[in-house]
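Visitor:
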Amino acid sequence: MGLPRRRLGLHGTHRAYVRIVPGRRTPMVTEEQIREALRGVVRVHVLLTIEGCPLRDRITTDVTAAVQPVAGVERVEVSLTPMSDEQRQALVGQLRGAPAGQAPPPSKISFPPETALVAIASGKGGVGKSSVAVNLACVLAAEGANVGILDADVWGFSVPRMIGAEGKPVGFDNMIMPLESHGVKVISMGHFVPEETPVIWRGPMLHKAIEQFLGDVYWGDLDFLLCDLPPGTGDVSISLASFIPGASMVVVTTPQEAARKVAERAGKMAERTNLRPIGVIENMSYYVCPHCGERESLFGEGGGRLAAETLAVPLLAQVPLVPALREGADAGAPIVLRDPSSPASEALREAADAIRKATKSKIGKPLSLMAR
Numbered sequence: 000m001g002l003p004r005r006r007l008g009l010h011g012t013h014r015a016y017v018r019i020v021p022g023r024r025t026p027m028v029t030e031e032q033i034r035e036a037l038r039g040v041v042r043v044h045v046l047l048t049i050e051g052c053p054l055r056d057r058i059t060t061d062v063t064a065a066v067q068p069v070a071g072v073e074r075v076e077v078s079l080t081p082m083s084d085e086q087r088q089a090l091v092g093q094l095r096g097a098p099a100g101q102a103p104p105p106s107k108i109s110f111p112p113e114t115a116l117v118a119i120a121s122g123k124g125g126v127g128k129s130s131v132a133v134n135l136a137c138v139l140a141a142e143g144a145n146v147g148i149l150d151a152d153v154w155g156f157s158v159p160r161m162i163g164a165e166g167k168p169v170g171f172d173n174m175i176m177p178l179e180s181h182g183v184k185v186i187s188m189g190h191f192v193p194e195e196t197p198v199i200w201r202g203p204m205l206h207k208a209i210e211q212f213l214g215d216v217y218w219g220d221l222d223f224l225l226c227d228l229p230p231g232t233g234d235v236s237i238s239l240a241s242f243i244p245g246a247s248m249v250v251v252t253t254p255q256e257a258a259r260k261v262a263e264r265a266g267k268m269a270e271r272t273n274l275r276p277i278g279v280i281e282n283m284s285y286y287v288c289p290h291c292g293e294r295e296s297l298f299g300e301g302g303g304r305l306a307a308e309t310l311a312v313p314l315l316a317q318v319p320l321v322p323a324l325r326e327g328a329d330a331g332a333p334i335v336l337r338d339p340s341s342p343a344s345e346a347l348r349e350a351a352d353a354i355r356k357a358t359k360s361k362i363g364k365p366l367s368l369m370a371r
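Everything in the sequence shown is counted per numbering that gives the first Met the number 0, starting at 0 for the first residue and increasing by one.
So this is what it looks like as structure tokens:
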């Protein structure tokens, strides 16, 4: 038995076409073009960015699934052909914000005001910053947001494994299409070098890498872009601040005094480089014995609260130390999706909700295209 048809009408058909391309809020076709298509057989001609596009089967499936339920459509025919050089160049310009048919703007790094740019930082390594960043991204995506995560920890990249987005991105005309996992778009140095290969780069090369990850990756229309920074206050953090001034920053620490002191330095660096600290997340706050239920503070107490007081920002959450958090990271299955009822998952959802409110995200608000 087939699925029941929905009577979408002209505007509904328009919305169906818009949904074909994930992450884009701009229409593939105009309503006038759709009027000509509603005669029983819909023929969709899709221009591919490259010959042999690895997404051709998915595109065909998504186009058919989006158009077939429209009342009056009896058959959907999808044809795929590669773009000409001129068409590809025009598309690159549009993706980078230029009017249709015009060259890309001089500055490659440009995000709409609706996109909340959030750096996830820590003073020192080993505090669980990357696993926190990945889980925050997955929480926001599960709530319906368009989310990207930029793994800016060039030397210690780990996001691809933690979120299950290992592989090679597709590129065309100096633009990179990010990988996607659990509804989150991902880009990392780990997508370009083997996991076991060390990256031995200094300032200028690091600066260029961050510039390319921000400007040459087609992120689409994001609600959030989380940037997982390397520990400390080095070149990458300074470069990122210069590219996205005014971005928000969340500092991750453990309760330990030594970690707290270094985390405070990372927060103060943000203030000096035109980033905006919005909160502290205390990770590994406590451990609950699975046998007796006794709660033990393995790394001390109060580090997150004191760091938040020093930086004059709220303590967003205290995340307990649970084995499932590590297991999920190793398996590419973040704990907020794998075990949503875990105390760690609840704390991470609390932190994500605080970040959404602090950045005044527009999740759930209708766009002008959809408002009727």
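Beta carbons: idealized from backbone N, C-alpha and C, even for Gly.
Work out the CA separation of L47 and M82 for me, nearest whole Å.
Guide: Rounded to whole angstroms, M82 to L47 spans 6 Å at the Cα level.
Visitor: Would V192 be called buried (16 or more neighbouring beta carbons within 10 Å of its own) or exposed?
Guide: Exposed, because fewer than 16 other Cβ atoms sit within 10 Å of the Cβ of V192.
Visitor: Going straight from the alpha carbon of M268 to that of T232, what length do you get?
Guide: Between M268 and T232, the C-alpha separation is close to 7 Å.
Visitor: Less than 7 Å between the beta carbons of S78 and V251, yes or no?
Guide: No; because the gap between Cβ atoms is not below 7 Å, this pair is not in contact.
Visitor: Return the chain-ordered list of same chain residues with a C-beta closer than 6 Å to the C-beta of R304, the five sequence neighbours on each side being excluded.
Guide: Excluding residues within five positions, the ones whose Cβ falls inside 6 Å are L314.
Visitor: To the nearest angstrom, how far is it from the Cα of I334 to the Cα of V183?
Guide: Their Cα atoms are separated by approximately 15 Å.
Visitor: Mapping DSSP to helix, strand and coil, what is D152?
Guide: In this structure, D152 counts as coil in the three-state DSSP scheme.
Visitor: Could you round the C-beta distance between P229 and G155 to whole angstroms and report it? I think they count as a contact, below 8 Å.
Guide: Rounded, the Cβ-Cβ distance is 6 Å, consistent with contact.
Visitor: Indicate the three-state DSSP secondary structure (helix, strand or coil) for C288 in the structure shown.
Guide: C288: coil per DSSP, three-state reduction.
Visitor: Let me know the beta strand (DSSP E) ranges lying completely inside the stretch 236–276, each 3 residues or longer, listed in chain order.
Guide: For the stretch 236–276, whole beta strand (DSSP E) runs of length 3 or above, ordered along the chain, are 247–252.
Visitor: Does the stretch 142–151 come within contact of the stretch 252–262, defined as at least 3 CB pairs closer than 8 Å?
Guide: In short, these stretches do not touch, since the Cβ pair count stays below three.
Visitor: Measuring CA to CA, which of V41, G166, V235 is closest to V69?
Guide: The shortest Cα separation from V69 among V41, G166, V235 belongs to V41.
Visitor: Please go through the same chain and pick out, in chain order, the residues whose beta-carbon is closer than 6 Å to the beta-carbon of D150, but skip the five residues on each side of it.
Guide: Around D150: F156, V158, S187, D227.
Visitor: Closer than 6 Å by C-beta to M369: which residues in its own chain qualify, once you throw out the five before and the five after it? Chain order, please.
Guide: Note that M369 scores 35 on pLDDT, short of 50, meaning its location in the model is unreliable and no value can be drawn from it.
Visitor: Bridge partners for D227 per DSSP, in chain order?
Guide: Looking at the DSSP assignment, D227 forms a beta bridge with I119, D150.
Visitor: Could you check the C-alpha separation between D338 and A141 for me, to the nearest Å?
Guide: C-alpha separation (whole angstroms): 14 Å.
Visitor: From L373 to A115, what does the alpha carbon distance come to, in whole angstroms?
Guide: Nothing can be reported for residue 373, as the shown portion of the chain is limited to 0 through 371.
Visitor: Going by DSSP in three states, E295 sits in which element: helix, strand or coil?
Guide: In the structure shown, E295 sits in a strand (DSSP, three-state: E or B).
Visitor: By Cβ distance, which residues of its chain are closer than 8 Å to T358, with the 5 residues on each side in sequence left out?
Guide: Closer than 8 Å at the Cβ level, and outside the excluded window around T358, lie A115, V117, F223, S247, I277.
Visitor: Since F242 and E293 should fall inside the 8 Å C-beta cutoff, what is the C-beta to C-beta distance between them, to a whole number of angstroms?
Guide: Their Cβ separation, rounded to whole angstroms, is 47 Å, which puts F242 and E293 out of contact at 8 Å.
Visitor: Considering only DSSP beta bridges, list what S187 is partnered with.
Guide: D150.
Visitor: For H206, which three-state DSSP category applies?
Guide: H206 falls in the helix class under three-state DSSP.
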